[in-house]
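If you read the sequence shown in our numbering, its first letter stands for residue 2, the second for the next number, and so on.
Don't be surprised by glycine CBs; every beta carbon is placed ideally from N, CA and C.
Predicted model, so just to flag it, every value in this text is computed and none were measured.
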Amino acid sequence: MRATDLDELLRCEGCNPSNYSISASAHDAWCLDLRDGEWVVFYSERGIDSPPIYASKSEREACDFFFDKVTGEKHWHIVGFFRHESDALVLESKLTAAGVDPIRNDIPVYRKANDPRFRVFVVGKDIFRYRQLFGEPKFVSA
2 MRATDLDELL
12 RCEGCNPSNY
22 SISASAHDAW
32 CLDLRDGEWV
42 VFYSERGIDS
52 PPIYASKSER
62 EACDFFFDKV
72 TGEKHWHIVG
82 FFRHESDALV
92 LESKLTAAGV
102 DPIRNDIPVY
112 RKANDPRFRV
122 FVVGKDIFRY
132 RQLFGEPKFV
142 SA
């Protein structure tokens, strides 16, 4: 496996691309990068790279490690972001009826007090089922 193949392979596994970065550092993501002739795997949080948890001169071995690391994480995909809880409940019902287990993770205060938002997520490969049913998730300014 090569670094150039990883993104497509991870997406096919239902991984959320916002959770990883290949050949660069990214905010709040697992990263694989070539540094000083060595492939390193590390986590970057708020723009600060942690020390590598893995390093190898072998691209293949580093890619295998990174693939296992990233696919071993739960990948939440946001599919609904609503101002009204009733809209979130409708989407949850539709997903459940289709055999998809939705996850709710609401924001009690969005921009100001008494201004909640209601979020619906699916995990991993359930994003493919969501897309079959509804297409790409679309978000309107809420």
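Buried or exposed (CB count within 10 angstroms, at least 16 for buried), residue i
i	result
Val110	exposed
Leu7	buried
Asn17	buried
Ile54	exposed
Ile128	buried
Phe140	exposed
Cys13	exposed
Ala114	exposed
Residue i - DSSP class collapsed to helix/strand/coil
i	result
Tyr131	helix
Val91	helix
Ala98	helix
Ala56	strand
Asp6	helix
Ser51	coil
Trp84	For clarity, residue 84 is Arg in the given sequence; the question names Trp instead. Arg84: coil per DSSP, three-state reduction.
Ser22	strand
Arg12	helix
Arg105	strand
His78	strand
Beta-carbon spacing of residue i, residue j below 7 Å
i	j	result
Val101	Arg132	no
Trp40	Ser26	no
Phe122	Ile108	no
Leu1	Ile23	Summary: the structure shown does not reach residue 1, with the chain confined to residues 2 through 143, and so no result is reported for it.
Gly136	His76	no
Ala89	Leu134	no
Phe67	Arg120	no
Pro138	Val80	yes
His78	Gly48	no
Where the beta strand (DSSP E) through residue i begins and ends
i	result
Arg120	119 to 124
Ser45	39 to 46
Endpoints, alpha helix (DSSP H) assigned at residue i
i	result
Phe66	60 to 72
Arg36	Element bounds for Arg36: not the alpha helix (DSSP H) but the beta strand (DSSP E), 30 to 36.
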